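In the working numbering, the protein residues as written are 13 to 631.
To keep things clear, I will list the structure first and then write my remarks on it.
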Amino acid sequence: MKRYILNIALLLAACVSYTSCFNLDEEVFDRVDGSVYYADEASVQGAVGAIYAEAAYGYCEYFWYLQEFSADQIAWRTWNGGAWGWDEALKFVLSSQTWNEESTIVRQAWEKAWTTIGLANNVIYELGKVSPEAIGMSQEKLDLYIAECRTLRAWAYYNIYEIWGGALPLNIKASAESAEIPGTADPDFNTSCQKIFDFIVDELDGCWEALPQNESNRMNQAVNRMLKMRVLLNSEIFTGVARFDECKALAKDIIDGKYGNYAIAENYKDIYSANNNTDCKEIVFAFSSDVVYNKRSTNMRNGPFMSYVFTAYFNTKEEHAGWNCCCLTPSFDNSSNFYNQCVSFDANGTASVVKNMYDKELAKCFLDGYGDKLGAVMERFDPADIRLVTPYNDAAGNWGGHFMNGVMYSDFGNGELQMADADRDGQPLVYVDQVGNFQGKGEHPLQVVENPRWGETNSGIRMAKYPYYNIDAPYNFCDPDVVEFRLAEVYYTYAECLLREGNSAEAKNWVNEVRKRYFSAADWTVAKDRAPRGFDAAFDEDRMLSEWGLEFLDEGHRRRTDLRRFDKFTQGQWWFFGRTTETGYDLPAKRDRKYEWFPVPERALAANPGLTQNPAYGG
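Right, dumping it as structure tokens:
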């Protein structure tokens, strides 16, 4: 299964990498009659694989943008008032929650999702007409592929449902079945929400039994049930009706192995390792990768955080440049500038080790007296958490933690001092837990709390959650599969349901069953009950939301939705929201609730008169 998905993915990746796709002398599925195309099981695999490839591109990129940049943990960082790169304005609207129906990034996500759904509709329709005997397959095997497509379609619907809610059409017919393009599911937004909710649940319930178990690179029973679990967990924001009891029961069934055999990884590094699809029992589903296509997928996960000169740090043959534009939202404001205390130099101008990098007296933490317990990513981690070490933290170059923090040295932190580029060209590259214009402080309208539009190259901690391998490593051209579903999500879902029924102690225990892998045995005896900075000792909703964010940081499929479920997405404070005002650019503490849903893109409305704009945007 992994191979057939990969082959199609490689083809599509090549096509999107160029202005136009050259003639590969291949039959294009959507231009071939099904009675001609489907000749054997391999042809069925190819058609289904095309859906996976399209879904991977959308989920790993565009929906990652919408979930992460719009939320409190990751920011699209610009500099010099926004003069960073050709597309900075496309993504900055997400970090500032100022998008509208003309925003390019919103339109691109919409189009990718509907392409996935359209492919699924066509394949489901065509496979329904195929005689399994005629192509050498059993009915059971053919039904499995159809169930796979139905689950992929339900997943695609769930992703757009999180974003657009009741502004969506219910389009589940192939183009050959109907030339009519359906309009919004119902003119009433809330009624439409309910119709789409019912469709997703019914679709998932109707096909899960035909799926396999324990196949991490394809739709399987556990993925199907986890999707329903997500729908139930968020039912209240979709339909106004909480369904936590149902969600809790389903989560427990998954944990108990009803839909496959899974286990929490004792070593968190296994989740993101080169052989994670086969070696990690925590992974329920991951998009497969290989020698070419995977380089794009890893670049998508790590590349946005990397400087243009990052290959020197990882000593890698990675062909893609870093984006130099993303960072974790900072933990500290700019009430005092401690950047210049990060590196010291001797008489010859040689840089030495860090000194006083995080003197807590020099700047104010956003968790201390600023309102909600959001953002401030690094300070929300327990100080004993082993993920806080740099990605490669020993002389052997073994992969360590997730965060590029402090002074950067080449060759996995063991070589020469890395020099910055762009606005800090020729200066030591030192990542700090602040975002600001450190060289020209006070030369622009912002005060002690800055926003992403004024972040220099050194601003913000960077992530490398998926490892890069050095030139001599056997995995240099083979990166991890991109994880989309893992068992830890089920544990956290079960914990949240317990918390919402008033059982905070048991909820904490379930979260700790996952957290304990991030501590030494000695540290865990204290850390398991230690409240993070700025949090109360009680395990409450603030703590649950924080743990969701830390465990799934940068994985791209939930942070915005989690904030919505706890009513923090537009009503909560983090970093610059509610803490500063730029001339002509209002950044209030509480934003307009219309931003809890996204608008239907203007182009979509023009192409389909049957669509109704989200009423929050004047529809």
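C-beta: ideal position from N, C-alpha, C; glycine also.
Remember, it's a predicted structure, so these values are computed and weren't measured experimentally.
CA nearest to the CA of residue i, picked from the options
i: residue 149; options: 232, 54 and 186; result: 54
i: residue 412; options: 294, 284 and 430; result: 284
i: residue 143; options: 263, 185, 155 and 418; result: 155
i: residue 334; options: 315, 324 and 328; result: 315
i: residue 209; options: 191, 177, 224 and 233; result: 177
i: residue 66; options: 114, 117, 131 and 51; result: 131
i: residue 221; options: 235, 136, 211 and 601; result: 235
i: residue 497; options: 256, 275 and 110; result: 275
i: residue 6; options: 105, 163, 558 and 537; result: No answer is possible for residue 6: it lies beyond the span of the chain, which begins at 13 and ends at 631.
i: residue 446; options: 86, 119 and 51; result: 86
i: residue 670; options: 183, 245 and 605; result: This structure gives no information on residue 670, because the portion of the chain shown stretches from 13 to 631.
i: residue 313; options: 239, 441 and 480; result: 480
i: residue 106; options: 572, 385, 600 and 515; result: 572
i: residue 134; options: 465, 217 and 63; result: 63
i: residue 622; options: 513, 567 and 179; result: 179
i: residue 578; options: 564, 384, 477 and 546; result: 384
i: residue 237; options: 223, 247 and 513; result: 223
DSSP three-state assignment for residue i, whether helix, strand or coil
i: residue 392; result: helix
i: residue 475; result: strand
i: residue 375; result: coil
i: residue 513; result: coil
i: residue 481; result: coil
i: residue 88; result: strand
i: residue 523; result: helix
i: residue 572; result: helix
i: residue 424; result: helix
i: residue 457; result: Residue placement at residue 457 cannot be trusted, given a pLDDT of 44 that sits under 50; the coordinates are not used to answer.
i: residue 149; result: coil
i: residue 623; result: coil
i: residue 609; result: coil
i: residue 50; result: coil
i: residue 37; result: Confidence is the limiting factor: at residue 37 the pLDDT is only 34, short of 50, which leaves the residue's position unreliable and the question unanswerable from this model.
i: residue 603; result: coil
i: residue 436; result: helix
i: residue 162; result: helix
i: residue 382; result: coil
C-alpha distance - residue i paired with residue j, whole-angstrom precision
i: residue 194; j: residue 620; result: 8 Å
i: residue 77; j: residue 69; result: 12 Å
i: residue 368; j: residue 528; result: Note that residue 368 scores a pLDDT of 44, beneath 50, so its modelled location is shaky and nothing firm can be said.
i: residue 580; j: residue 589; result: 12 Å
i: residue 226; j: residue 268; result: 14 Å
i: residue 151; j: residue 145; result: 8 Å
i: residue 492; j: residue 475; result: 16 Å
i: residue 501; j: residue 233; result: 16 Å
i: residue 171; j: residue 443; result: 33 Å
i: residue 505; j: residue 253; result: 17 Å
i: residue 468; j: residue 82; result: 20 Å
i: residue 265; j: residue 166; result: 21 Å
i: residue 555; j: residue 520; result: 9 Å
i: residue 347; j: residue 376; result: 7 Å
i: residue 517; j: residue 550; result: 9 Å
i: residue 561; j: residue 441; result: 27 Å
i: residue 185; j: residue 127; result: 13 Å
i: residue 327; j: residue 424; result: 7 Å
i: residue 299; j: residue 344; result: 36 Å
i: residue 295; j: residue 438; result: 42 Å
i: residue 401; j: residue 414; result: 7 Å
i: residue 112; j: residue 187; result: 30 Å
Exposure label - residue i; buried when at least 16 CB within 10 Å
i: residue 632; result: Since the first residue of the chain shown is 13 and the last is 631, residue 632 is not available in this structure.
i: residue 395; result: exposed
i: residue 611; result: buried
i: residue 273; result: exposed
i: residue 602; result: exposed
i: residue 462; result: buried
i: residue 190; result: exposed
i: residue 697; result: Since the first and last residues shown for the chain are 13 and 631, residue 697 lies out of range.
i: residue 389; result: buried
i: residue 203; result: exposed
i: residue 290; result: exposed
i: residue 301; result: buried
i: residue 472; result: buried
Neighbour flag for residue i against chain B, beta carbons, 8 Å
i: residue 555; result: Looking for chain B here will not work: only one protein chain is present.
Heavy atom of the ligand MN within 7 Å of residue i beta-carbon
i: residue 144; result: Judged by which ligands are present, the structure shown has none, so any question about the ligand MN falls away.
Which ranges would you report for the beta strand (DSSP E) in the stretch 213 to 300 if only whole runs of at least 3 residues count? Complete beta strand (DSSP E) runs here, min 3: 295 to 299.
Give, in chain order, every unbroken run of the alpha helix (DSSP H) that is at least 4 residues long and sits entirely within the stretch 95 to 145. Taking only runs of at least 4 residues, the alpha helix (DSSP H) segments lying wholly in the stretch 95 to 145 are 100 to 107 and 116 to 141.
Go through the stretch 530 to 585 residue by residue and report every complete run of the alpha helix (DSSP H) that reaches 4 residues or more, in order. Listed in chain order, they are 533 to 539, 553 to 563 and 571 to 577.
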